[in-house]
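Residue numbers for the sequence shown follow my numbering, so the first one is 324 and each next one is one higher. Here a beta-carbon is modelled for each residue, glycine too, at the ideal position from N, C-alpha and C. Each remark here refers to the structure printed beneath this line.
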Amino acid sequence: MNEIKLRSKLKQLHSSDSAKRFEALGMLYELKQENDLKIRVEVLKDMVKDAATSFPERVDTWDNPSYGLMDFVCDYPMPEIIDEIIKRFDGLDPDAKVRALECLLLTKDEGIFQEVQDKTVQLISEEDVNLPVEELCRFPMLVNGIVDQTFEKLESSHYKFVYYEFITAINESGVDPGYKRTRILPVLLADYKKLREEYRVYDGEYKPSFVYQSWKESYFLLRYRLNVLIGLMNYYFTDETVDLLKEAVKFKDPRISTNASIVCLNKNIDVPTHILESLSTNLESAEMLYWGLSEHNKEHVFPVSPKQPVLAKSHLFDHLVYMRDEEGELLNIYPENIQVVDTVDTANSYGQPLRYYLMSFSHGDDVLAAWVGGYNLEDEDDSAEMWEGTHTDLEPLQDRTVEEHKQLFLNMREETARENEHTVYYESSPKLSKGLWFFYAILISHWIRIFINGVTEEEIYVSLAFTFLGAILSIYEMWKNKRSAVVILGKELIKAKGEKKESIPLQEIKKVTYDKKQISVYNKENVLTMKVPLRWVEYHQFYYAMVEQTSHLREQPYIEE
């Protein structure tokens with residue numbers, strides 16, 4: 324879509340006709356899905372400015388042009404856009420402010436954190452919004468400052484458990500262990516006891532099938548809140564919390580019992596052996612228990628060996644009960660009788676050894692097949708570490724023999740590996756040079772002056788020659804730029820300049836840094852092996868592509884933000 328058409332469409336966001344606003348927001352959504360969309364910084368800045376203006380009264384929840392504009396712009400967190408967001412923040416719709424905060428936090432720029440803190444405090448003080456809790460909690464010092472200034476929101480029905488999440492982040496980070504203990508402890512205990520009474524109604528009838536087929540959202544919320552408060556008892560610890568934790572260990576909900584058991588073990592409070600053994604084999608809790616123990620260097624307490632089969636069962640259970648369709652709707656699968664059928668030991672595209680488990684599970688009257696893994700075999704044969712590759716086509720197990728299932732799995736992996744080798748995950752070519760843009764500016768100003776002052780025959784020939792030279796330079800530079808690119812192709816980072824090509828396997832990269840002129844890529848020996856002119860890329864897009872394509876590596880490279 325060209326810029327004139329885009330700006331014309333965006334004007335419809337201010338139309339009194341809701342159908343036209345709907346059409347414009349739909350257009351924005353469609354453009355947002357385009358991976359190779361090129362849009363000028365000036366247009367994006369104007370969109371931020373527009374998002375901070377007033378719009379017609381809404382007719383439905385979708386009717387929020389301020390949010391729609393910000394959601395689009397936040398996919399381009401360039402410094403100029405960040406500056407414009409900060410400048411226009413106060414004029415945005417509350418939901419658009421939340422989206423803007425997400426964008427500001429993604430920059431991880433400590434230079435703007437005071438602005439982020441002040442704006443978050445103001446937003447919390449004025450509105451009940453759904454804050455980006457996970458993103459905020461990555462910055463405990465920032466969260467500490469926010470909670471300090473708005474501590475009264477711990478008593479707010481809307482923000483209470485948001486603030487418990489914040490307080491958890493502050494404590495877990497070590498920024499301020501036991502943060503505001505004397506003020507928080509009595510509130511925490513009162514909230515826990517209230518929720519505990521709500522839970523007692525469920526405890527006597529607890530069955531996983533009820534949880535995932537009948538109780539669902541209301542119970543999930545209750546469980547989540549109880550677990551947040553139990554986790555905080557690790558930092559707000561008294562004789563009373565000891566009694567409450569010992570009681571929670573015996574709850575029938577294995578996830579609550581697991582959480583309480585981990586806190587108890589961390590505080591050297593005995594947990595009955597039979598409870599630990601039960602939790603370590605329970606589909607709902609086995610994986611949660613292992614990783615909870617591992618977090619506190621107590622994985623040796625996990626009582627099951629070998630552990631991979633039981634962890635694989637637990638992992639598949641979670642995968643299935645939370646499995647969604649393409650529209651994001653839960654498939655409502657409640658698996659029963661999950662069993663290990665066989666294993667396949669293979670390797671990923673980097674040569675790292677992996678183990679996958681062929682599993683079966685019952686769903687209704689059918690026994691279906693699934694694959695769980697791959698578990699890392701580099702350090703030990705029974706490692707719990709895994710690269711996520713769990714999946715199921717919901718195919719009946721009996722439709723194929725075990726060997727046919729295994730062969731189909733290996734064939735699919737080979738096909739996927741071949742596709743990945745030829746998949747372009749990122750590609751960018753140089754932009755027109757600043758020198759050429761400067762030439763354009765001179766050329767435009769020259770023609771403006773000619774038309775204002777009048778055209779003489781001599782000047783017209785000089786001007787046309789000047790313009791012809793600009794066209795020749797433009798064609799040459801565009802031809803040259805088309806032959807230059809930086810590409811992430813399969814497992815390689817490639818730089819092409821004319822006939823010359825340089826490449827480095829992603830797993831051989833130690834670090835990627837940049838300055839105002841170039842991107843520098845270093846190999847595992849910390850030797851500079853590739854230099855890419857910074858003007859060849861939009862760095863934030865390049866950064867995210869590099870992180871995404873290397874995040875699964877055992878030794879992940881350092882990618883400068």
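query, result
"C-beta atoms of Glu-488 and Cys-460 nearer than 8 Å", "yes"
"Extent of the continuous beta strand (DSSP E) to which Gly-696 belongs", "689-699"
"Sub-8 Å separation of Ile-598 and Ala-571 beta-carbons", "no"
"Beta carbon of Lys-431 nearer than 8 Å to that of Glu-871", "no"
"Rounded separation between Thr-873 and Leu-812 - CA only", "13 Å"
"Proximity of Leu-857 and Tyr-837 at Cβ, strictly below 8 Å", "yes"
"At least 3 beta-carbon pairs within less than 8 Å: the segment 496-513 vs the segment 522-529", "no"
"Start-to-end residues for the alpha helix (DSSP H) that takes in Arg-523", "504-526"
"The segment 707-718 contacting the segment 680-694, beta-carbon criterion three pairs below 8 Å", "yes"
"Met-853 - partner residues in DSSP beta bridges", "Val-844"
"Continuous beta strand (DSSP E) assignments of at least 3 residues falling wholly in the segment 704-765", "747-751"
"Counted within 10 angstroms of its Cβ, other Cβ atoms place Tyr-673 as buried (16 or more) or exposed", "exposed"
"8 Å Cβ cutoff met for Arg-647 and Thr-666", "no"
"Separation of Pro-577 from Tyr-613, as counted between CA atoms", "13 Å"
"Inter-residue Cα distance where the pair is Leu-351 and Asp-441", "30 Å"
"Residue nearest to Ala-419 in terms of C-alpha spacing, selected from Glu-708, Leu-446, Gln-437, Met-401", "Leu-446"
"Per-residue burial, His-728 [other beta carbons within 10 Å of its own, 16 or more giving buried]", "buried"
"Environment of Asp-722 [buried if 16+ CB atoms lie within 10 Å]", "exposed"
"Separation of His-745 from Ser-448, as counted between CA atoms", "51 Å"
"Delimiting residues of the beta strand (DSSP E) encompassing Asp-668", "659-670"
"C-alpha gap between Leu-512 and Lys-334, whole angstroms", "53 Å"
"Alpha helix (DSSP H) runs wholly inside the segment 390-460, at least 4 long, in chain order", "402-411, 417-429, 436-449, 456-460"
"Inside the segment 596-625 only - alpha helix (DSSP H) runs reaching at least 4 residues", "596-604, 609-618"
"Where the alpha helix (DSSP H) through Ser-331 begins and ends", "326-334"
"N- and C-terminal bounds of the beta strand (DSSP E) containing Arg-678", "676-686"
"8 Å contact criterion, which Glu-659 and Phe-684 should meet: CB distance rounded", "7 Å"
"Chain D contact for Met-646 (CB, 8 Å cutoff)", "Absent from the structure: chain D. Only one protein chain is present."
"Nearest neighbour of Ser-377, chosen from His-481, His-337, Val-725 [CA to CA]", "His-337"
"Three-state secondary structure (DSSP) of Glu-825", "strand"
"CB contact flag (Val-810, Glu-878, <8 Å)", "no"
"Counted within 10 angstroms of its Cβ, other Cβ atoms place Leu-851 as buried (16 or more) or exposed", "exposed"
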